[in-house]
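Residue numbers (full-length UniProt numbering): 1 to 330.
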């Protein structure tokens, strides 16, 4: 029953993760009364929002007489294009400052960067430039944020599996149990997704955030998974030690009781520390503090004292498979 109830709770919270909206908008991290945020609002109301951070398009014409200003202006998501500038040291290099017709930090604007690159490649090819993709560079804040978005996705696909693999290896070396390694990892992962879902509920429905920083999932994962396994090892090692001298259920009971107060105290202190971040004006810190504090509380009061002991109890001797304690009970 404990396993079913806790998994339903964590799974229910995790179900909100696909609904999370992410942003790489730097300005949205600042309070609305901050001068830079107010300045952008004035620009947006009176001019094209793209004027705040024009996209810098650089091309190498190879000495050919090429002017892309009019063609660029005709693109639907571009508001205006300044006259081209010629490089001082290399007159085959042209610089165009392109103003988008939307917030240059918005997700939609970031998506235009690869589209713009593809459009310009076609233009250069039409002008007779060979290997056109090697003759174009895109800079500016929007391009930088697009690169940040792509790197974040790349980091998630590399760092998260790597962390899981390393922690699994360490757990197996320490516990000598494949079964325990699997369910201990599974509990921290579902706890992480539960924290992310609960964090979105609070940030979006209570605090009114339209989106959260795209970096939050990775930052929260690194911290919560590492912390969760730290708590896991602390408690489960006590159960393993007790099991050498007492029966299975007694070992679990004594292990949980012996480590419970330490884990609870540490969890409350840590959750409180991260909750303080929610009082700061910078939104990315608020979001990280809320998600992490929730994750620590879920680990402290649900996963560690309830879910992990319940799974260990149900599995019986198979919790130790194929280690020495399993063979002892065989």
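Cβ coordinates follow ideal geometry from the N, Cα and C atoms, glycine included. These numbers come from a predicted model, not from an experiment.
Pair within 7 Å by beta-carbon distance, residue 196 and residue 287 = no
request  = Look up residue 139 in the DSSP assignment and say whether it is helix, strand or coil.
outcome  = strand
request  = Within 10 angstroms of the Cβ of residue 104, are there 16 or more other Cβ atoms? Answer buried if so, exposed if not.
outcome  = buried
ask   = Quick one: what's got a C-beta closer than 6 Å to residue 267's C-beta in the same chain, skipping five residues either side?
value = 296 and 300
ask   = If we count the other Cβ atoms within 10 Å of its Cβ and call it buried at 16 or more, is residue 309 buried or exposed?
value = buried
request  = Using 10 angstroms around the beta-carbon of residue 243, count the other beta-carbons present and answer buried if the total reaches 16, otherwise exposed.
outcome  = buried
query = Counting pairs of Cβ atoms below 8 Å between the region 123-140 and the region 53-67, do you hit three or more?
reply = yes
query = Quick one, which of 307, 298 and 265 has its alpha-carbon nearest residue 236's?
reply = 307
Whole-angstrom distance between residue 75 and residue 65, CA atom to CA atom = 21 Å
key: Buried versus exposed call for residue 68 [16 or more other C-beta atoms within 10 Å across all chains shown]   = buried
ask   = Who pairs with residue 55 in a beta bridge, going by DSSP?
value = 98
Nearest-angstrom Cα separation, counted from residue 258 out to residue 149 = 45 Å
query = Quick one: what's got a C-beta closer than 8 Å to residue 62's C-beta in the same chain, skipping five residues either side?
reply = 92, 129 and 135
inquiry  = If contacts are defined as beta-carbon pairs under 8 Å, then residue 200 and residue 212 qualify, I think. What distance do you get, rounded to the angstrom?
reply    = 7 Å
query = For the beta strand (DSSP E) that residue 48 lies in, which residues bound it at each end?
reply = Per DSSP, residue 48 belongs to no beta strand (DSSP E) and is neither H nor E.
ask   = Should residue 255 and residue 229 be called a contact, given that it needs their Cβ atoms to be closer than 7 Å?
value = no
request  = Could you have a look at residue 85 and say whether DSSP puts it in helix, strand or coil?
outcome  = strand
ask   = To the nearest angstrom, how far is it from the Cα of residue 72 to the Cα of residue 51?
value = 16 Å
inquiry  = Per DSSP, what are the beta-bridge partners of residue 23 in this structure?
reply    = 213
ask   = Roughly how many whole angstroms lie between the Cα atoms of residue 70 and residue 112?
value = 18 Å
request  = List the DSSP bridge partners of residue 80.
outcome  = 99
query = Any idea what DSSP makes of residue 60, helix, strand or coil?
reply = strand
message = Alpha carbons only, please: which of 94, 98, 39 and 122 is nearest the one belonging to residue 77?
response = 98
inquiry  = Going by C-alpha to C-alpha distance, which of 312, 107 and 169 sits closest to residue 143?
reply    = 107
Nearest to residue 166 (by Cα), restricted to the options 181, 281, 11 and 16 = 181
message = Quick check: the Cα distance between residue 302 and residue 273, rounded to an integer number of angstroms?
response = 19 Å
task = Run the CB neighbour count on residue 47, radius 10 Å, all protein chains shown included, and call it buried at 16 or more, exposed below.
result = exposed
inquiry  = Among the candidates 164, 176 and 205, whose CA atom is the shortest distance from the CA of residue 185?
reply    = 164
message = Buried or exposed, going by whether 16 or more other CB atoms sit within 10 Å of the CB of residue 19?
response = exposed
message = Helix, strand or coil for residue 129? Go by DSSP, reduced to three states.
response = coil
For residue 322 and residue 260, believed in contact at Cβ under 8 Å, the rounded distance = Wrong, their Cβ atoms sit about 29 Å apart, outside the cutoff.
ask   = From residue 13 to residue 7, what distance separates their C-alpha atoms?
value = 10 Å
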